[in-house]
């Protein structure tokens with residue numbers, strides 16, 4: 043790790059202490075820290091050694107890196123990790139080929155055991171790892187080597203956290219999440235497709251200040267993933283009153299009513315979209331009129347249509363075929379059973395001596 | 831013009847008809863003011879500052895208006911021109927400060943109410959002063 | 036992956052199988068019952084016998100005759116509280132309406148969530164009262180069998196699980212939602228094979244009784 047502190051690095055980069063405080067305030071707000079914790083984070087960040095960050099990408103679309111780098115007004119996390127601390131990122135840096143690989147090895151060796159490894163994209167162990175290779179190495183081997191020298195691994199995006207799109211049925215490359223490969227280092231999942239930029243940098247900042255944050259059962263920081271979208275949605279009063287938009291351009295949609303009927307997965311999706319929002323706090327999908335896709339949850343691609351409400355079938359089976367077939371089968375069994383019953387009834391009638399009404403009374407009362 | 835591009839491609843403008851958030855009658859604003867009062871009391875007796883992050887609360891426009899009216903404007907207003915700018919104002923109540931940080935392009939990033947004698951960000955840092963002194967001596971020595 | 040997997044199952048194969056068994060069972064029982072041989076009634080129908088008039092029994096039996104009211108009316112009311120609350124909770128709640136729309140294409144406006152929760156609560160309390168009555172009444176206890184108690188359980192379970200899901204109680208919301216859907220699916224799968232089939236058969240039972248007595252000259 044570098045010898046200078048974070049605040050020294052910022053001062054060298056021309057940032058005053060007031061700017062540093064301002065950025066820390068914004069970061070603390072996004073992390074929903076208490077005033078005491080916010081103060082503590084500012085103090086610790088100021089005194090902490092500038093961290094080394096290695097960013098590696100595997101089976102990914104680069105959306106997570108785009109989210110991270112396209113913030114309108116860069117926060118402290120962005121400045122810290124993009125401008126100051128990012129020792130290697132093959133997408134952002136100018137170098138390529140063997141020179142870039144050599145630079146990566148040098149950076150890793152220099153900070154061996156101390157760098158933070160940020161990974162986006164899933165990895166593919168199937169068939170010896172041939173489906174995702176770079177510089178002659180499979181993604182799995184590369185990840186294992188990189189993780190062995192890291193102090194912690196941050197899996198950015200749903201692909202790295204849970205397998206994401208490559209993992210979706212039929213998963214032809216046998217993609218797996220990072221946590222399936224890295225077992226001996228702390229792995230922090232920052233899921234989302236992509237995650238919000240401030241969430242990525244916030245998780246990194248929290249780690250640099252306080253260490254591994256409290257994680258939920260999917261390994262995601264509770265600071266950001268503790269609530270569902272539904273819990274914090276500004277359209278919740280409409281849900282409670284039973285006022286729903288039926289199509290994307292009807293009166294309900296214009297009035298900003300709940301999007302449950304249009305397939306919103308907000309009730310089962312944990313993320314910070316409803317509070318932190320996207321693009322520097324501009325908006326989030328529901329506010330822009332489209333239901334939540336559930337992109338920060340595992341297997342969200344395979345959980346039925348995006349426009350099918352949560353209470354309806356996933357759509358993997360045809361109603362007409364299944365129910366029609368069941369009705370036909372039921373009719374067939376009904377007729378067969380009735381046939382057996384009628385045959386038995388006929389046999390009983392045949393054995394009776396006659397059909398006097400008195401016998402029927404006897405049968406009923408006897 | 832919002833709503834019409836031309837006769838053939840009508841753009842449908844979907845604006846929320848009203849803001850559903852915000853409790854009736856300014857209940858959130860009143861709760862905040864009560865929290866502020868408690869924090870001032872604590873500072874007077876124990877000198878412990880407090881920060882209330884109102885940006886994270888998602889106040890509706892009517893609630894915000896009630897809060898603005900209640901807090902009013904005091905004697906001091908400070909403008910910080912760094913990284914998009916910040917505005918710090920003491921309200922009509924001594925020790926109750928409104929701190930607003932703006933990003934590049936003027937978007938409001940963080941909004942706090944700070945209960946303290948002087949917000950931390952206004953004060954000058956000793957390390958900054960040492961660097962300034964060095965520079966001052968070099969230029970004017 | 037915990038709760039998500041249960042919800043996926045409940046929205047996927049669980050629902051598929053439950054609905055298939057429901058349709059299969061109902062068609063089987065109805066076809067089986069209607070194709071049974073009936074003893075020939077060789078007597079002449081009495082004067083005043085009318086098929087349409089006999090169907091009136093289906094409606095008239097929704098309320099007890101004067102003679103029986105003193106003994107049964109209060110339990111009749113409790114029973115209606117259960118059935119009424121159940122109907123409101125199922126048919127009035129938007130997520131349920133959307134499920135019906137996904138299956139058969141028709142829908143109607145829903146009620147506020149608080150109304151649904153209230154109706155479900157009333158229904159659940161009434162159902163518990165009915166169980167207590169069944170356990171305390173010596174006659175009912177004697178004639179009650181596994182079908183009665185199992186049907187009660189299967190009908191009851193969606194109520195507390197639905198309320199817990201609605202109020203986000205009981206831990207993981209996704210799991211509770213999946214569990215609630217599963218209890219509904221168990222209800223649907225069991226429906227054709229036990230006492231709950233009365234939801235469909237009651238009309239036929241009452242109608243048949245009305246026809247029989249009308250033929251005998253003693254219209255009900």
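Residue numbers (the working numbering), protein chains in the order written: chain A, 43 to 408; chain B, 831 to 971; chain C, 36 to 255. C-beta: ideal position from N, C-alpha, C; glycine also. Keep in mind it's a predicted model, so treat the numbers as computed, not measured.
Our two residues, residue 73(C) and residue 55(C), have alpha carbons roughly 30 angstroms apart in a direct line. For a Cβ distance threshold of 7 angstroms, residue set 365, 368, 369 and 372 of chain A lies close to residue 58(C), ordered along the chain. Interface with chain A (9 angstroms Cβ-Cβ cutoff): residue 196(C) is excluded. Judged by beta-carbon spacing, residue 199(A) lies beyond the 9 angstroms limit of residue 167(A), meaning their Cβ atoms are not closer than that value. In this structure residue 94(A) is in contact with residue 157(A), their Cβ atoms being roughly 4 angstroms apart against a cut-off of 8 angstroms. According to the DSSP assignment, residue 231(A) belongs to the beta strand (DSSP E) that extends over 229 to 232. Within 7 angstroms of the CB of residue 60(A), the CB atoms of chain B belong to 910, 912 and 951, in sequence order along the chain.
For the stretch 62 to 85 of chain C, the set of residues with a beta-carbon nearer than 9 angstroms to any beta-carbon of chain A comprises 62, 63, 64, 65, 66, 67, 68, 69, 70, 71, 72, 74, 75, 77 and 78, in chain order. Look at residue 326(A): its C-beta is not under 9 angstroms from any C-beta on chain B. Taking a Cβ-Cβ threshold of 7 angstroms, the residues of chain C close to residue 377(A) are 66 and 70, in chain order. By alpha-carbon distance to residue 97(A), the top candidate from 384(A), 188(A) and 54(A) is 188(A). For residue 183(C), the nearest beta carbon of chain A is not closer than 9 angstroms to its own beta carbon. Taking a C-beta cut-off of 8 angstroms against chain B, the contacting residues of the stretch 71 to 97 of chain A are 71, 74, 77 and 80, listed in chain order. With respect to residue 339(A), residue 317(A) sits apart: the two C-beta atoms are not nearer than 9 angstroms. For residue 110(C), the enclosing alpha helix (DSSP H) has its first and last residue at 101 to 126. For residue 931(B), the CB contacts under 6 angstroms within the same chain, skipping 5 residues up- and downstream, are 916, 939 and 940 in chain order. Counting along the chain, residue 918(B) sits inside the beta strand (DSSP E) bounded by residues 916 to 920. When the beta-carbon positions are compared, residue 229(C) and residue 215(C) stay at least 9 angstroms from each other.
Taking the beta carbon of residue 885(B) as reference, the chain A residues within 7 angstroms of it are 71, listed in sequence order. In the displayed model, residue 47(A) falls within a strand according to three-state DSSP. With respect to residue 277(A), residue 301(A) sits close: the two C-beta atoms are nearer than 9 angstroms. For the pair residue 215(A) and residue 360(A), the Cα-to-Cα distance works out to about 28 angstroms. In the DSSP assignment, residue 96(A) is bridged to 130(A) and 159(A).
Residues of the same chain with a CB within less than 6 angstroms of the CB of residue 255(C), apart from the 5 flanking positions on each side, are 92, 245 and 248 in chain order. Straight through space, the alpha carbons of residue 293(A) and residue 243(C) are spaced by roughly 49 angstroms. When the alpha-carbon of residue 195(A) is set against those of 184(A), 231(A), 169(A) and 176(A), the nearest one is in 231(A). When the Cα atoms are used, residue 877(B) and residue 235(A) turn out to be separated by approximately 45 angstroms.
In this structure, residue 165(A) and residue 101(A) form a Cβ contact; the two beta carbons are roughly 7 angstroms apart against a cut-off of 8 angstroms. Each residue's CA atom was taken as its position, placing residue 218(A) and residue 172(A) some 14 angstroms apart. Comparing alpha carbon positions, the residue from 65(A), 341(A) and 380(A) closest to residue 212(A) is 341(A). A residue is called buried when at least 16 other Cβ atoms come within 10 angstroms of its Cβ; residue 52(A) meets this threshold and is buried. The beta carbon of residue 921(B) sits no closer than 9 angstroms to any beta carbon of chain A. In the three-state scheme derived from DSSP, where H, G and I count as helix and E and B as strand, residue 907(B) is classed as strand. Chain order gives no chain A residues near residue 220(C), where near means a beta carbon separation below 9 angstroms; the closest approach is about 11 angstroms.
Counting the other CB atoms within 10 Å of its CB gives residue 162(A) a total of 16 or more, which places it among the buried residues. Under DSSP, residue 286(A) shares a beta bridge with 300(A).
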